[in-house]
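Worksheet: the structure to be examined is printed underneath.
In our numbering, the protein residues as written are 397 to 746.
Have a look at this one:
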């Protein structure tokens with residue numbers, strides 16, 4: 397039983413458990429309710445427990461570790477490739493066992509409660525930002541049908557709409573006025589929630605050792621630094637900065653065969669939220685580099701990339717370099733200095 401592997405297909409109420417004492421074989425299978433899951437593992441000798449990194453996975457991993465089990469969370473998109481024929485709970489559990497034998501599939505670090513709370517704050521903020529954007533776009537589209545064109549900028553929508561509603565002679569129909577007023581109030585409420593989350597993250601940032609270190613990097617603020625710490629976990633699981641950039645989906649997508657090598661756009665793998673934050677940070681760097689009278693080395697590189705490849709490609713290139721800089725600063729525990737930045741003019745993306 398020293399090399400026993402137990403795969404658990406997570407669910408809301410009923411869990412499928414597959415026990416393998418020999419590689420490639422399923423020796424026992426069980427279906428357990430929520431109430432029976434922990435008592436079952438409490439009776440098992442220490443084993444390797446394999447879970448899919450999906451909803452509630454980190455919770456169950458934290459519950460199983462005190463029993464002496466080694467818990468591995470495998471990425472869902474990697475496990476899905478091992479599902480044979482029809483998708484059932486049994487085939488999902490067997491797929492977990494097969495995927496656990498592949499050394500190239502890296503496990504997801506188990507989050508602590510504190511780290512997962514920070515990640516949850518970011519998810520809430522991201523949801524509210526999307527809600528605000530949807531409401532603003534809806535209002536813009538509706539008023540455009542009545543000949544009112546709101547200037548560009550999220551901060552200009554609500555004041556413009558309230559000014560229109562205050563004018564009795566405006567072309568806004570009376571039946572639409574109370575609903576537009578409610579929509580503006582809803583946007584105000586959402587913005588209040590967004591600011592509350594940002595203040596909460598700012599207060600938590602001081603308790604996370606890596607956050608002040610990451611904030612020494614140009615373009616990295618409280619939001620990006622706390623998101624990196626919460627969603628990446630252990631930076632030492634990446635052997636190099638390029639591996640970390642690849643994890644974020646900021647390296648070229650390859651489609652090669654024989655002697656012909658084809659590199660396309662970025663792969664867009666990994667966490668969309670983190671990649672978005674880094675691209676926004678890169679755009680901030682490009683803007684500051686454009687205004688700098690005496691640009692630093694990294695700003696000169698950014699301006700050179702923008703002159704060669706255009707603004708959008710340069711933004712992704714700078715985001716790639718930012719990711720590698722994050723890895724270097726975080727893994728060595730040394731703050732960023734402009735003189736230590738690589739000034740190579742070689743583009744980092746295709």
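Virtual Cβ for every residue (Gly too), placed ideally from N, Cα, C.
Taking the alpha helix (DSSP H) that residue i falls in, what are its first and last residues?
i, result
"residue 603", "Where residue 603 is concerned, there is no enclosing alpha helix (DSSP H), given that its DSSP letter is neither H nor E."
"residue 490", "485 to 496"
"residue 555", "553 to 562"
"residue 649", "Where residue 649 is concerned, there is no enclosing alpha helix (DSSP H), although the beta strand (DSSP E) it sits in stretches over 648 to 650."
"residue 368", "What is shown of the chain runs 397 to 746, which leaves residue 368 out entirely."
"residue 639", "637 to 643"
"residue 722", "707 to 728"
"residue 499", "It is not in any alpha helix (DSSP H) - residue 499 carries neither H nor E in the DSSP assignment."
"residue 631", "Neither: residue 631 is in no alpha helix (DSSP H) and is coded neither H nor E."
"residue 546", "That residue, residue 546, is in no alpha helix (DSSP H); it is neither H nor E in DSSP."
"residue 681", "668 to 687"
"residue 665", "First-last for residue 665: undefined, no H or E at that position."
Per DSSP, residue i forms a beta bridge with which residues?
i, result
"residue 412", "405, 427"
"residue 468", "446"
"residue 653", "656"
"residue 504", "469"
Among the options, which one has its Cα closest to the Cα of residue i?
i, options, result
"residue 721", "606, 496, 610, 454", "610"
"residue 588", "424, 524, 500", "524"
"residue 708", "583, 672, 399", "672"
"residue 665", "642, 687, 677", "642"
"residue 522", "592, 418, 659", "592"
"residue 623", "517, 583, 586", "517"
"residue 461", "442, 477, 526, 538", "442"
"residue 538", "571, 565, 477, 563", "571"
"residue 603", "548, 579, 621", "621"
"residue 729", "606, 683, 481", "606"
"residue 749", "416, 417, 412", "No information on residue 749 is available, as it lies outside the stretch 397 to 746 that the chain covers here."
"residue 515", "725, 683, 596, 727", "596"
"residue 685", "714, 659, 705, 660", "714"
"residue 550", "563, 565, 527, 496", "527"
"residue 455", "399, 513, 660", "513"
"residue 485", "727, 435, 584, 427", "427"
"residue 548", "533, 575, 559", "533"
Are the CB atoms of residue j and residue i within a distance shorter than 8 Å?
i, j, result
"residue 567", "residue 504", "no"
"residue 440", "residue 501", "no"
"residue 463", "residue 612", "no"
"residue 492", "residue 423", "no"
"residue 598", "residue 511", "no"
"residue 414", "residue 425", "yes"
"residue 506", "residue 469", "yes"
"residue 487", "residue 479", "yes"
"residue 718", "residue 677", "yes"
"residue 695", "residue 688", "yes"
"residue 509", "residue 614", "no"
"residue 711", "residue 668", "no"
"residue 723", "residue 616", "no"
"residue 541", "residue 561", "no"
"residue 618", "residue 601", "yes"
"residue 447", "residue 438", "no"
"residue 608", "residue 497", "no"
CB-CB under 6 Å to residue i, same chain, minus the five flanking residues each way: which ones, in chain order?
i, result
"residue 741", "Any reading at residue 741 must be qualified, since the residue scores a pLDDT of 36, below 50, and its modelled position is unreliable; no value is offered."
"residue 556", "546"
"residue 494", "478"
"residue 445", "402, 460, 465, 467"
"residue 489", "403, 405, 412, 414"
"residue 629", "505"
What are the boundary residues of the beta strand (DSSP E) that includes residue i?
i, result
"residue 661", "659 to 662"
For residue i, which residues in the same chain have their Cβ closer than 7 Å to its Cβ, ignoring the five residues on either side in sequence?
i, result
"residue 536", "546, 553"
"residue 569", "none"
"residue 645", "662, 663, 664, 665, 666, 671"
"residue 453", "406, 447, 469"
Only counting the same chain, and skipping five residues up and downstream in sequence, which positions put a Cβ closer than 8 Å to that of residue i?
i, result
"residue 657", "650"
"residue 638", "647, 720"
"residue 582", "531"
"residue 739", "Its pLDDT being 39, under 50, residue 739 is placed unreliably in this model, and the coordinates cannot settle the point."
"residue 409", "429, 430"
"residue 757", "The requested residue 757 is not part of the displayed model; the chain covers only 397 to 746."
"residue 590", "521, 524, 525, 528"
"residue 416", "400, 401, 402, 403, 422, 423, 493"
"residue 725", "609, 610, 612, 613, 731, 732"
"residue 746", "Unreliable positioning characterises residue 746 in this predicted model, as indicated by a pLDDT of 32, which lies under 50. The coordinate reading is nonetheless provided below. So the qualifying residues of the chain are 648, 659, 660, 661."
Is any heavy atom in the ligand ATP found nearer than 7 Å to the beta carbon of residue i?
i, result
"residue 701", "With respect to the ligand ATP, the structure offers nothing, as it holds no ligand at all."
Using a Cβ-Cβ cut-off of 8 Å, state whether residue i counts as contacting chain D.
i, result
"residue 699", "As a matter of chain content, chain D is missing from the structure shown, which is built from one protein chain."
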